[in-house]
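J.: Could you have a look at this structure, given as structure tokens, before my questions?
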Amino acid sequence: MAHFTKATSVKDWLNQRLAIEKVEKVMASEYWIPKNINFLWAMGMILAITFALLLVSGIFLLMYYQPHVDTAFYSVNFTIMREVGFGWLWRHVHGVAASVVFLIIYIHMFTGIYYGSYKKGREMIWISGMLLFVTFSAEAFSGYMLPWGQMSYWAGMVITNIFSLGGLHVDGLVEWIRGDYVPAQAFLNRFFMLHVLLLPLAIMGLIGLHFAALRIPHVNNQDGEEVDFDVEAKKYLDGDKAGSKVIRFANDFMSKDMMVVGVYLIFFFYLVFFHYEFALDPVNFDPADGLKTPAHIYPEWYFLWSYEILRPFSVNIGLIAFGFAQVIFMLLPWLDRSPNTIPASRRGLFNIWFWLLLIDMIVLTAMGKLPPAGIFSTIGLVAALAFIALWVVLPFITKNEKKV
Amino acid sequence: MKDNGRRGFMGKAFGAVAGVGAVGSLVAMKKSWDPLPSVKAAGFTTLDMTIYPEGELITEKWRGKPIFVLKKTADMIASQTDKQKSRDIKVGDSHFMLCIGLCTHLGCIPGYNASEKAFLCACHGGQFDWSGNVTKTPPPRGFDIPPFKIEGNKMILGEVGPEYQAMKDSGITL
């Protein structure tokens, strides 16, 4: 049995039982961050803050939302928006955060790709991050069902139909997922459960894994320099703070991190108060009607690129291309054959590949929003083929990359 | 070693019991997500086929899905190709195009253009002719035909009649 002595202070009392000082050191003051980074390294904290905003606003929405096909639409658009004091605020925060969180996820992802932060022991960070992207996507989709408007209904119809797997006609699977022949009460109820319980639990678990995956390899830096964290930490603790390549996570790094978060929050609440309409599609302000498809169905902006990869092909090839797009990012650490962990700007062909991929995904996003006709169909098809081609050539162009 | 052998056995025994329990719970979880009996029981609709005007598309509802009913005009009947004829449904003296009004690509409802006598799906640009055959991809096939049974001038959707069975057997519908 452990030996306890009479506590000299509250802190000492807690220390004997919970080792709070040790925990504080491990988690914050002696968790080391390289100095050689820029504002792009603050995206993780911004995501954590945005997730907290989603959680808090979601809790307040949950108190008035009714997951029933007859009342869901009015509980959102009348009760929450008109009757509940500041109900509109929670809805606008929730809607804007759901959209903006994907913008930050994409910046976070492309920062990782640019600086090679998925290599040399950082593979698990990348994989857990991509799993978070997948669960966030499912979370966004299930949440989009809940207001039970026209876009909710038809997005639910179209996306669940994907599970018939095209030519395989697994219609039983689609009906099993829906609990009905079409999206109806059983469907709304189970997606409500997924949105407010199962998926948030999965997200929180994965965030834990994502952070844990970071501890041993530590965060990358701007030059891909291999920092010996033990040596640099010792230097710092011995007093050579200027000579050390690292700083404490808290409060040193956090103070800069929260500065970026502050700028972000001003932008975020500007959107919440003055431009929330971009996150609330006008079509979804009509109640769900199973006998009337809206003229144009399109997903939220953050799904457009993968939607555009599905769209220009016949159903089976489209589904294969779509499946490819969903899993291929996960394999990046193995498709990139180069030994170099340095910024893309110093990696020759990979630099071109990086910018082409980014541009291609922006083009796919733009085409996904436009009606599938004429020149836009053609551009969309070319961009979809380019996306696949870029991933196919990646191992070949990186294999011949010279070691820097 | 002897003890470890015992521990190994206990571990395997626990694994076996837990495995049976896990599989059992998966069965329960799967069944809990199945469509409810009340949902399945509500899956029949009866249509009176004498009320439809010629050449006009009427939308009915079956299992929450839109059902397109188009009573064909004399022109349409006269001009039918073999492929269009194969999907033709005859009730009394009238000829009908009857199908599930969902695009076979991903399930949007295509719109009917009466002047062009064709369907266009706004979601991904698929097209169908007035007989329900696909004329432009991505949809992989013509509109699906719901199970139907003809009884005099009435049609019961959800029940399988000989005409439907014949269509299903010959691969005209899934």
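One line per chain: the protein sequences are P and Z, in this order.
If you number the first sequence the way this note's numbering does, the last residue is 517 and the count never jumps.
If you number the second sequence the way this note's numbering does, the last residue is 626 and the count never jumps.
Ideal Cβ placement from N, Cα and C applies to all residues, glycine included.
Bear in mind that the values here come from a model prediction, so they are computed numbers and not experimental data.
(1) Between the C-alpha atoms of residue 517(P) and residue 504(P), what's the straight-line distance to the nearest angstrom?
(2) Would you grab the beta carbon distance between residue 207(P) and residue 167(P) for me? Rounded to a whole angstrom, and I think it's under 8 Å.
(3) Taking Cβ to Cβ, would you say residue 296(P) is nearer than 8 Å to residue 269(P)?
(4) Go ahead and label residue 622(Z) buried or exposed: buried means 16 or more other beta carbons lie within 10 angstroms of its beta carbon, across all protein chains shown.
(5) Taking the alpha carbon of residue 544(Z) as the point to measure from, which residue in 503(Z), 461(Z) and 559(Z) has its own alpha carbon closest?
(6) What residues in its chain sit with their C-beta under 7 Å from that of residue 564(Z), if we drop five residues either side in the sequence?
(7) Which runs of the alpha helix (DSSP H) at least 4 residues long sit entirely within the segment 332 to 409 of chain P? Give them in chain order.
(8) Quick check: the segment 569 to 589 of chain Z against the segment 437 to 453 of chain P, are there 3 or more CB pairs under 8 Å?
(9) Which class does residue 617(Z) belong to by DSSP, given the choice of helix, strand or coil?
(10) If I'm right that residue 595(Z) touches residue 556(Z) with Cβ under 8 Å, what's the distance once you round it to whole angstroms?
(11) Under the three-state reduction of DSSP, which class applies to residue 515(P): helix, strand or coil?
(12) Starting from the C-beta of residue 323(P), find all residues in its chain whose C-beta is less than 8 Å away, skip the five residues before and the five after it, and write them out in chain order.
(13) My output table needs one value for residue 547(Z): the three-state DSSP class, helix, strand or coil.
(14) If I follow the unbroken alpha helix (DSSP H) through residue 214(P), where does it start and stop?
(15) Would you mind sorting residue 252(P) into buried or exposed? The rule is 16 or more other CB atoms within 10 Å of its CB.
(16) Around the C-beta of residue 453(P), are 16 or more other C-beta atoms found within 10 angstroms, so that it is buried, or is it exposed?
(17) With residue 600(Z) as the anchor, note down where its beta strand (DSSP E) starts and where it stops.
(18) Does the beta-carbon of residue 326(P), which I'm using as the reference point, lie nearer than 7 Å to any heavy atom of the ligand COA?
(19) Could you tell me whether the segment 213 to 221 of chain P touches the segment 160 to 177 of chain P, using the rule of 3 or more Cβ pairs below 8 Å?
(20) From residue 619(Z) to residue 538(Z), what distance separates their C-alpha atoms?
(21) Decide if the segment 457 to 465 of chain P is in contact with the segment 396 to 406 of chain P; the criterion is three or more beta carbon pairs, one per stretch, under 8 Å apart.
(22) Could you tell me which of 464(P), 507(P) and 497(P) sits nearest to residue 224(P), measuring between CA atoms?
(23) Alpha helix (DSSP H) containing residue 504(Z): first to last residue?
(24) Between the alpha carbons of residue 432(P) and residue 219(P), how many angstroms are there, rounded?
(25) At 4 residues or longer, what runs of the alpha helix (DSSP H) sit wholly inside the segment 228 to 267 of chain P?
(26) Below 7 Å on C-beta distance, what does residue 257(P) contact in chain Z?
(27) Residues of chain Z with CB under 9 Å from residue 267(P), in chain order?
(28) For residue 308(P) and chain Z, any beta-carbon pair shorter than 8 Å?
(29) Keeping to the same chain, check which residues put their C-beta closer than 7 Å to that of residue 197(P); ignore five residues upstream and five downstream.
(30) Helix, strand or coil for residue 517(Z), going by three-state DSSP, please let me know.
(31) What are the boundary residues of the beta strand (DSSP E) that residue 486(Z) is part of?
(32) Under a Cβ-count criterion, where at least 16 other Cβ atoms within 10 Å of its own Cβ denotes burial, should residue 513(P) be classed as buried or exposed?
(33) Report yes if the CB atom of residue 418(P) is closer than 8 Å to the CB atom of residue 481(P), and no otherwise.
(34) With distances taken between CB atoms, is the gap from residue 554(Z) to residue 561(Z) smaller than 8 Å?
(35) Pairing CB atoms from the segment 352 to 370 of chain P with CB atoms from the segment 178 to 187 of chain P, are three or more of them under 8 Å?
(36) Three-state secondary structure (DSSP) at residue 590(Z)?
T.: By the coordinates alone:
(1) Against the first sequence, residue 517(P) aligns to sequence position 404. Against the first sequence, residue 504(P) aligns to sequence position 391. Rounded to whole angstroms, the gap between the alpha carbons of residue 517(P) and residue 504(P) is 23 Å.
(2) Within the first sequence, residue 207(P) is the residue found at index 94, counting from 1. Within the first sequence, residue 167(P) is the residue found at index 54, counting from 1. At roughly 6 Å, the Cβ-Cβ gap stays under 8 Å, so residue 207(P) and residue 167(P) are in contact.
(3) Position 183 of the first sequence, counted from the first residue, corresponds to residue 296(P). Position 156 of the first sequence, counted from the first residue, corresponds to residue 269(P). Their beta carbons are under 8 Å apart, which means residue 296(P) touches residue 269(P) by this criterion.
(4) If you number the second sequence from 1, residue 622(Z) lands on position 170. By the 10 Å Cβ count, residue 622(Z) comes out exposed.
(5) Translated into the one-based positions of the second sequence, residue 544(Z) becomes position 92. Here the closest residue by C-alpha is 503(Z).
(6) Position 112 of the second sequence, counted from the first residue, corresponds to residue 564(Z). Hits under 7 Å: 509 and 571.
(7) Counting whole runs of 4 or more residues, the segment 332 to 409 of chain P contains the alpha helix (DSSP H) stretches 342 to 350 and 367 to 387.
(8) no
(9) Within the second sequence, residue 617(Z) is the residue found at index 165, counting from 1. Of the three classes helix, strand and coil, the one that applies to residue 617(Z) here is helix, per DSSP.
(10) To locate residue 595(Z), count along the second sequence from 1; it is residue 143. To locate residue 556(Z), count along the second sequence from 1; it is residue 104. With 8 Å as the limit, residue 595(Z) and residue 556(Z) qualify as a contact, their Cβ atoms being about 7 Å apart.
(11) Against the first sequence, residue 515(P) aligns to sequence position 402. Coil at residue 515(P), not helix or strand.
(12) Working through the first sequence from its first residue, we reach residue 323(P) at position 210. Taken in chain order, the residues that qualify are 238, 241, 242 and 245.
(13) As a first step, residue 547(Z) is located in the second sequence; it is residue number 95 there, counting from the start. Reduced to three states, the DSSP call for residue 547(Z) is strand.
(14) Locating residue 214(P) in the first sequence gives position 101, where the first residue counts as 1. 200 to 228 is the extent of the alpha helix (DSSP H) around residue 214(P).
(15) By 1-based counting over the first sequence, the position of residue 252(P) is 139. So residue 252(P) ends up on the buried side.
(16) Taking the first residue of the first sequence as position 1, residue 453(P) is located at position 340. When all chains shown are included, residue 453(P) counts as buried.
(17) For the purposes of this step, residue 600(Z) is taken as the residue at position 148 of the second sequence. 600 to 603 is the span of the beta strand (DSSP E), which, as asked, contains residue 600(Z).
(18) In the structure shown, the ligand COA is absent, as is every other ligand, since no ligand is present at all.
(19) Short answer: they touch.
(20) Here residue 619(Z) refers to the residue found at position 167 of the second sequence. Here residue 538(Z) refers to the residue found at position 86 of the second sequence. C-alpha separation (whole angstroms): 8 Å.
(21) no
(22) Counting from one through the first sequence, the residue named residue 224(P) turns up at place 111. Nearest of 464(P), 507(P) and 497(P) to residue 224(P), Cα basis: 464(P).
(23) Translated into the one-based positions of the second sequence, residue 504(Z) becomes position 52. Where residue 504(Z) is concerned, there is no enclosing alpha helix (DSSP H), given that its DSSP letter is neither H nor E.
(24) Position 319 of the first sequence, counted from the start, is the residue given in the question as residue 432(P). Position 106 of the first sequence, counted from the start, is the residue given in the question as residue 219(P). The alpha-carbon atoms of residue 432(P) and residue 219(P) are separated by roughly 23 Å.
(25) 236 to 258
(26) Stepping through the first sequence from its first residue, residue 257(P) is reached at position 144. Those do not exist, as residue 257(P) stays about 16 Å from chain Z at its closest Cβ, beyond 7 Å.
(27) By 1-based counting over the first sequence, the position of residue 267(P) is 154. Near residue 267(P) (Cβ distances below 9 Å), the residues of chain Z are 559, 560, 561 and 575.
(28) Position 195 of the first sequence, counting from 1, holds the residue named residue 308(P). False, the Cβ-Cβ gap to chain Z never drops below 8 Å.
(29) Along the first sequence, one-based indexing puts residue 197(P) at 84. Excluding sequence neighbours, residue 197(P) sits near 177.
(30) As a working note, residue 517(Z) is residue 65 in the second sequence. In this structure, residue 517(Z) counts as strand in the three-state DSSP scheme.
(31) On the second sequence, position 34 is the one that residue 486(Z) refers to. Premise fails: residue 486(Z) is in no beta strand (DSSP E) and is neither H nor E.
(32) To locate residue 513(P), count along the first sequence from 1; it is residue 400. An exposed status is given to residue 513(P), since fewer than 16 other beta-carbon atoms sit within 10 Å of its beta-carbon.
(33) Taking the first sequence and counting its residues from 1, one reaches residue 418(P) at position 305. Taking the first sequence and counting its residues from 1, one reaches residue 481(P) at position 368. In this structure, residue 481(P) lies closer than 8 Å to residue 418(P) by Cβ.
(34) To locate residue 554(Z), count along the second sequence from 1; it is residue 102. To locate residue 561(Z), count along the second sequence from 1; it is residue 109. Yes. Within cutoff.
(35) No, the segment 352 to 370 of chain P does not touch the segment 178 to 187 of chain P.
(36) Sequence index remark: in the second sequence, residue 590(Z) carries index 138 (1-based). The answer is coil: DSSP assigns residue 590(Z) none of H, G, I, E or B.
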